[in-house]
Each structure stands twice: as C-alpha cells, then as structure tokens.
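For reference, each letter of the sequence shown is one residue, going 904 to 1104 in my numbering. Note that CB positions come from ideal geometry on N, CA and C, so glycine has one too. Heads up, the thing below is written out as structure tokens.
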Amino acid sequence: MNLISNMNPFFSNLSGKKLILASNSPRRQELLKGLEVEFEVRVNSVDETIPKDLRAEYVAAYLSKLKSESFKGQLADNEILITSDTVVIENGHVLGKPNTEEEAFDMLKSISGSTHTVMTAVTIRDISRQITLEDETIVSFRFLEEEEIWHYIHQYKPMDKAGAYGIQEWIGFIGVEKIEGSYYNVMGFPLHLVYAQLKKW
C-alpha cells in the first residue's frame, strides 16, 4: 500500500498515511526518494495552457495548483498528494519545455552569457486542506558556444525540461557560473520546503 514508513523518525506524524507524487518526472521521483519516504506515482491529464495576462512569476504556482485541483474528489482519507511545476524566467518571459530542437537551441542561446530565474511551486493537499510552497533560484550561465549548445541538445535530448536544460547534466557542468538559492529547486523540487512541510503536516 506504500504507506509512509515509520523507519524515518522525522515523519512519525504521517504514520498510516499514503503519499502520492503527481509527476512523471524521473528527477522529482529521485529527489523525493531521497527524503526516505515511500510514495506512489499517480498522474492526471491537465490542460496546462497559461492565461495570457498571468505574470511570469505566478505561472509555476498556477500550474502546480491546477494539477492539484485535478485530483479533487479522488483522494482517500489517508492520502496526501504532491504536485509541482518549474518554470525558467528570462527577461520577464517564461521558457517552457521546447517542442523542437530548434526551440531548445533558441532557449539556450537566450540564457547563454546571462542570468535567469528558476521558480518551482509545490502544492500539497489532502481531503481537507491545501498549501502551495514556492522557491526561487537565480542562475548565471557563462557564454555558450553554438557547438556546445548543439552537442548538449543532440546528446541529452532536453525536450522534457523547462528552459531546455538540466542543471545536473553536462550543460550545467560546463555552463553554470553561479547559483543563488537551492540547487534542487533548479532540478525541479525544493526538497527543504517539502521536507519541512511534511514534518508538520
């Protein structure tokens, strides 16, 4: 039943509860496992169209809540749901997941030699309450040569990543000069916030 294990003494308050991660992201799944909890992956199909008048800094929270709302009425009494969304913001514009290699190239070219913001929102809910947590990290990239960008795109296929990059991959190794904030937030899951919230849930 994947009930939260009593082996982790820091989550004794959640004994008998079942944790659900609503994400197909292998990175989020790997990171949540790092908190030493059992969980089940369950995903609903959601229309992630962003309202045109929504400011970039609100997009992650909007999408995280949207994913959470899709489970309304589907949770059992003992289930806790986690949904999340990450966006890359460059010059006030949201860089989503690229649809083509050319889009991925344009995104990486735009953040090359500059600084951008990564925002992740996490929504935690059960049958009676819901809370959304947000975190922000500033990432600075050195200038990337076009050959380096194409190498990364061809070798790592970053089509499932916001902003067309994963900081934990080759492009992060060679390109990131500085980050201000949580590294794991850039990976898509601010673990310190999730851990603190689950401890007091």
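Nearest-angstrom Cβ-Cβ length linking residue i and residue j, presumed shorter than 8 Å
| i | j | result |
| --- | --- | --- |
| residue 1029 | residue 982 | 7 Å |
| residue 1080 | residue 1032 | The Cβ separation is near 41 Å, so there is no contact. |
| residue 992 | residue 1041 | In fact, because the Cβ distance is near 10 Å, the residues do not count as touching under 8 Å. |
| residue 917 | residue 1073 | Contact doesn't hold; Cβ gap of about 37 Å is too wide. |
Beta-carbon contacts of residue i that lie in its chain and below 7 Å, excluding the five residues immediately before and after
| i | result |
| --- | --- |
| residue 934 | 1087, 1090, 1092 and 1094 |
| residue 913 | 1102 |
| residue 1010 | 998, 1001, 1066 and 1067 |
| residue 1096 | 1025, 1036 and 1038 |
Contact check, residue i vs residue j, beta carbons under 8 Å
| i | j | result |
| --- | --- | --- |
| residue 1026 | residue 1035 | yes |
| residue 949 | residue 967 | no |
| residue 990 | residue 946 | no |
| residue 1062 | residue 1012 | no |
| residue 1075 | residue 1014 | no |
| residue 1004 | residue 1056 | yes |
| residue 940 | residue 922 | yes |
| residue 964 | residue 1049 | no |
| residue 1078 | residue 1047 | yes |
| residue 987 | residue 931 | yes |
| residue 1098 | residue 938 | yes |
Extent of the continuous beta strand (DSSP E) to which residue i belongs
| i | result |
| --- | --- |
| residue 1021 | 1018-1028 |
| residue 987 | 982-993 |
| residue 998 | 996-998 |
Start and end residues, alpha helix (DSSP H) containing residue i
| i | result |
| --- | --- |
| residue 967 | 962-972 |
| residue 1008 | 1004-1014 |
| residue 1099 | 1094-1102 |
Own chain residues within Cβ distance below 6 Å of residue i, not counting five before or after
| i | result |
| --- | --- |
| residue 924 | 935, 942, 944 and 985 |
| residue 927 | 946 |
Contact set for residue i: own chain, Cβ-Cβ below 8 Å, skip 5 residues either direction
| i | result |
| --- | --- |
| residue 1017 | 993, 1043 and 1044 |
Checklist entry - In the region 1030-1085, which residue ranges form an unbroken alpha helix (DSSP H) of at least 4 residues, counting only runs that do not cross its ends? => result You should have 1049-1059 and 1073-1078.
**Request:** Tell me the start and end of each unbroken beta strand (DSSP E) in the region 911-957 that is at least 3 residues and wholly inside, in chain order.
**Result:** Listed in chain order, they are 921-924.
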